[in-house]
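Below: the structure, in structure tokens.
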Amino acid sequence: MTKICIQGIKYDKKSSYQKGPRLAPPLIREALHSGSLNLFSENGISIESSTIVDKGDFEIEDYFSIEEITKKHLNSNAKIFTLGGDHSITYPIIKAHHKKFPKLDILHIDAHADLYNNYEGDIYSHACPFARIMENGFATRLVQVGIRTLNPHQAEQAEKYKVEIHQMKDLDFSTIPKFKNPLYISLDMDAFDPAFAPGVSHHEPGGLTSRQVIDLIHSIDAEIIGADIVEYNPNRDFQNMTAFLAAKMMKEILGKML
Ligand code: MN
Ligand code: MN
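Residue 100 in this note's numbering sits at position 69 of the sequence shown; the count goes up by one each step and never skips.
Structure below.
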């Protein structure tokens, strides 16, 4: 039986524009358990499973402690599902996975490529995690979907690290590859169009629909060994709709991981 550890990472110090994602993990759980929805994924899998262990939320002061917390949970021989937090947390999480998964593919769903070499002088900014992951060789393959903010610097970085980018402007789901290695999914809530997910720091119109992301998750046939949902910013939400979308995505991803 697959064991899954849920960890909430309350951290948004690496957010460049607005704070708020540190407040997200308990609110996503609250939406999930509000009674508004049942706990089955669309594929008919219940996430009320004794193999899912919720380790609760961690208030993070030191960015590097995220790696240690993740390692501890990985050592219990579980797959890790993380509620963020801003997107900077994905780098220490992936770093923690590297020893166990030397060959790892990543599906990164986001409006942004997050490939800056540094952002406003910080190499660990939430605009940089995938540059750190790729320069350290922590991913065999990085596939990005939903991108609609590519600038020359990040396009150069993508070329340097051989990142496979599926930009919104020419999105064709039939060209998204099948993964062969163990797969990690990183879902930035701003990948969705702000009409579906207003509770994010960076509103970037022209994004994915809820349905498109759910279908993308369902289409995966590789083994999903870990995932995160990041960048939900409750300070900007409307009627908790982004919390409910994050809860729905949590169910669908956990349903695929089980
Ligand atoms: Mn991001
Ligand atoms: Mn983003």
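No residue lacks a Cβ here, since even glycine has one placed at the ideal position from N, Cα and C.
Since we're looking at a predicted model, the values are computed, not measured.
To the nearest angstrom, how far is it from the Cα of residue i to the Cα of residue j?
i           : j           : result
residue 86  : residue 163 : 27 Å
residue 53  : residue 202 : 31 Å
residue 127 : residue 70  : 29 Å
residue 97  : residue 200 : 34 Å
residue 243 : residue 38  : 26 Å
residue 102 : residue 173 : 22 Å
residue 253 : residue 83  : 20 Å
residue 99  : residue 271 : 31 Å
residue 261 : residue 62  : 16 Å
residue 93  : residue 274 : 26 Å
residue 278 : residue 167 : 32 Å
residue 58  : residue 91  : 17 Å
residue 129 : residue 169 : 6 Å
residue 158 : residue 235 : 15 Å
residue 44  : residue 135 : 27 Å
Considering only the beta carbon of each residue, do residue i and residue j sit closer than 8 Å?
i           : j           : result
residue 41  : residue 117 : no
residue 95  : residue 56  : no
residue 249 : residue 74  : yes
residue 112 : residue 239 : no
residue 217 : residue 154 : no
residue 80  : residue 289 : yes
residue 276 : residue 232 : no
Using DSSP bridges, identify the partner residues of residue i.
i           : result
residue 257 : 111 and 215
residue 77  : 71
residue 88  : 39
residue 196 : 175
residue 161 : According to DSSP, which records beta bridges pairwise, residue 161 is partnered with nothing at all.
residue 223 : 239
residue 263 : 231
Run the Cβ filter for me: residues under 7 Å from any heavy atom of ligand 1, listed in the order they occur in the chain. 118, 141, 143, 145, 157, 219, 221, 261 and 262
Is it the case that the segment 217-228 contacts the segment 184-194, given that we only count it when at least three CB pairs across the two stretches are under 8 Å? no
Is the segment 146-163 close to the segment 178-186, with three or more CB pairs under 8 Å? yes
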